[in-house]
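Colleague: Numbered per our numbering, the sequence shown spans residues 111 to 268. Take this structure first; my questions come after.
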Amino acid sequence: MQAGLLALSLVILVAVLGSILIWWGGNDARVAALTAADKRPVKVVITGTESAKEEVTDGGIAGLGIFKASGAITDRGTVTTYRGLTGANDSVILLRFVTKGRAGGITYMVKIDTTRRPVRPRWRIQSGTGAYKGLQGRGDESENATYTVSTLTGTVWH
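Have a look at this one:
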């Protein structure tokens, strides 16, 4: 009986400590400490990144802007967008959003296959630095009518 109470006490202690430590990072930046089985929703709004004077199709810089992340990641900062085309007749648009926030950086890769119907832009995390090192994620990307705001919605996990 005492062994069972001791085990239960340890489980409760671990749960309490885990809930205290689940958010880490500094300077108002948070990343949920997650496992692959514990995916959390995230929303990243990227603004003003199609600012190049000409349409970029070779993987070069398409623009500079800002981002704001909410949900499992709470951060904001700058973003550089790279744009390229690939596939038959340049039918696949590749966007690479390289963000730099208070807690580190995240590179999001977006693939838009224009030959598929309906067109469904998808993103995944390519890499992370600082508090985001090892972070994984994926989801859907959408843009406003003038391509000045991209919104990434999906899930992330460590």
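Just so you know, even glycine gets a beta-carbon here, dropped at the ideal spot from N, CA and C.
1. Quick one: residues in its chain with C-beta nearer than 6 angstroms to the C-beta of Arg206, no 5 flanking neighbours on either side, listed in chain order?
2. Once DSSP output is grouped into helix, strand and coil, what is the label at Ser237?
3. Compute the Euclidean distance between the alpha carbons of Gly249 and Leu204, then round it to the nearest angstrom.
4. Report yes if the CB atom of Ala182 is closer than 8 angstroms to the CB atom of Pro228, and no otherwise.
5. Alpha carbon to alpha carbon, how far is Leu245 from Ile132? Give it in angstroms, no decimals.
6. Skipping 5 residues on each side, what residues in its chain have a beta carbon closer than 7 angstroms to that of Ser180?
7. Label Asp200 either buried or exposed according to how many other C-beta atoms from any shown protein chain fall within 10 Å of its C-beta, with 16 as the threshold for buried.
8. Flag this pair as yes or no: are the beta carbons of Asp223 and Val202 separated by less than 8 angstroms?
9. Could you check how far apart the C-beta atoms of Val266 and Gly247 are, in whole angstroms? I think they sit under 8 angstroms.
10. According to the Cβ coordinates, are Gly158 and Asp185 closer than 8 angstroms?
11. With Ile171 and Thr188 assumed to form a contact (beta carbons below 8 angstroms), what rounded beta-carbon distance in angstroms separates them?
12. Please work out which residues of its chain come closer than 6 angstroms, Cβ to Cβ, to Thr239, disregarding the five sequence neighbours upstream and downstream, and give them in chain order.
13. Use the C-beta contact count for Leu262: other C-beta atoms within 10 angstroms, 16 or more gives buried, fewer gives exposed.
14. To the nearest angstrom, report how far apart Ile156 and Thr256 are at their CA atoms.
15. In terms of residue numbering, what span does the beta strand (DSSP E) encompassing Gly181 cover?
16. Closest by CA to Ala198, which one among Gly173, Thr190, Arg226 and Ala241?
Modeller: According to the structure data:
1. Tyr192 and Met219
2. strand
3. 15 angstroms
4. no
5. Low confidence applies here, because Ile132 scores a pLDDT of 28, under 50, leaving its location unreliable; read the following figure in that light. Whole-angstrom Cα-Cα distance: 14 angstroms.
6. Lys153
7. exposed
8. yes
9. 4 angstroms
10. no
11. Their Cβ separation, rounded to whole angstroms, is 13 angstroms, which puts Ile171 and Thr188 out of contact at 8 angstroms.
12. Gly214 and Gly215
13. buried
14. 13 angstroms
15. Asp168 to Gly181
16. Arg226
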